[in-house]
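Have a look at the structure below, then the notes.
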Amino acid sequence: MVTKQGKPSERRDALVRIAAELFAEQGYRATTVRHIGDAAGVLSGSLYHHFDSKETILDELLSSYLDELLATYRTVVDAGHGPARTLRELVRASFRSMAGHRAAITVLQNERNHLRTLPRFGYLATTEDEVRHLWITALREGVETGEFRADLDPAIAYRFLRDSVWGSVRWIRQDGARSLDQLADQYLTLTFDGLTATGA
492 MVTKQGKPSE
502 RRDALVRIAA
512 ELFAEQGYRA
522 TTVRHIGDAA
532 GVLSGSLYHH
542 FDSKETILDE
552 LLSSYLDELL
562 ATYRTVVDAG
572 HGPARTLREL
582 VRASFRSMAG
592 HRAAITVLQN
602 ERNHLRTLPR
612 FGYLATTEDE
622 VRHLWITALR
632 EGVETGEFRA
642 DLDPAIAYRF
652 LRDSVWGSVR
662 WIRQDGARSL
672 DQLADQYLTL
682 TFDGLTATGA
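And the structure:
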């Protein structure tokens, strides 16, 4: 944790990280400013020197993560690889993002429906729309070029991929036997090759 002598931005970042873990562990609505203050070892009133509300902390957590993820996705798509490779790289980018943003992803998974009701988080729907467009475009182009099977429904495939990739944040252990890249490889093998052995 940053000491009182640390730079304000460092202190602010440290508080966001502490709050993020609490939001992920016990839920955003169940976490109070006092809980965050206690975990940070400061009076809850001191948090208002850095943030005007608990909502602001969550906004900073989610917006910074989504901005970074979208930038990565756009870079993958702009690379101009074929549909299959583009989809593989989107999956890899998603798994890799769990290394530094596990709490943010968990909060999004747990609180998405509630956050949609808050005007401040209107950008979540906008971001999700762009992500959907990027993934479905790759899937649709794969069908058109013959890289993916002709009877594939891009919209259904996207929802399956989205939920299975992001839902894994609930069980993936960062200190597990496999790295995030190895888990992505296993996921891609299942997605592209299925469960059945060749010739079975």
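Just so you know, we're using this note's numbering here: the sequence shown kicks off at 492 and counts up by one. Just so you know, even glycine gets a beta-carbon here, dropped at the ideal spot from N, CA and C.
Can you give the Cα-Cα distance for residue i and residue j, rounded to whole angstroms?
i    : j    : result
I596 : D654 : 12 Å
K545 : E621 : 27 Å
A641 : L671 : 31 Å
I527 : G518 : 12 Å
A688 : L679 : 15 Å
P610 : S555 : 18 Å
Take residue i and list the residues in its own chain whose beta-carbon comes closer than 7 Å to its own, dropping the five residues that flank it on each side.
i    : result
A584 : T563, Y564, V567
F683 : none
V493 : Low confidence applies here, because V493 scores a pLDDT of 33, under 50, leaving its location unreliable and the question unanswered by this model.
Mind checking which residues open and close the alpha helix (DSSP H) that includes residue i?
i    : result
I527 : 524 to 531
T577 : 574 to 606
H624 : 614 to 636
F639 : Counting along the chain, F639 falls outside any alpha helix (DSSP H), and DSSP gives it neither H nor E.
T680 : 671 to 684
G571 : That residue, G571, is in no alpha helix (DSSP H); it is neither H nor E in DSSP.
L538 : Taken as a continuous stretch (DSSP letters only), L538 belongs to no alpha helix (DSSP H), as it is neither H nor E.
D644 : Run containing D644: none; DSSP gives neither H nor E here.
Tell me which same chain residues have a C-beta within less than 6 Å of the C-beta of residue i, skipping the five on either side of it?
i    : result
V656 : S585
L560 : S588
F542 : I548
Do residue i and residue j have their CB atoms nearer than 9 Å?
i    : j    : result
A573 : E638 : The displayed chain sequence assigns Gly, not Ala, to residue 573. In contact: G573 and E638 (Cβ atoms closer than 9 Å).
A510 : L549 : yes
R607 : L599 : no
A531 : L552 : no
S537 : D529 : no
L625 : L557 : no
Who are the Cβ neighbours of residue i in its own chain at under 8 Å, not counting the five residues just before and after it?
i    : result
P645 : I627, L630, R631, V634
Tell me whether residue i counts as near the ligand COA, meaning its Cβ is closer than 8 Å to at least one heavy atom of that ligand.
i    : result
L625 : With respect to the ligand COA, the structure offers nothing, as it holds no ligand at all.
Any beta carbon from chain B within less than 9 Å of residue i's own beta carbon?
i    : result
L671 : In summary, chain B is missing from the structure at hand, where a single protein chain is found.
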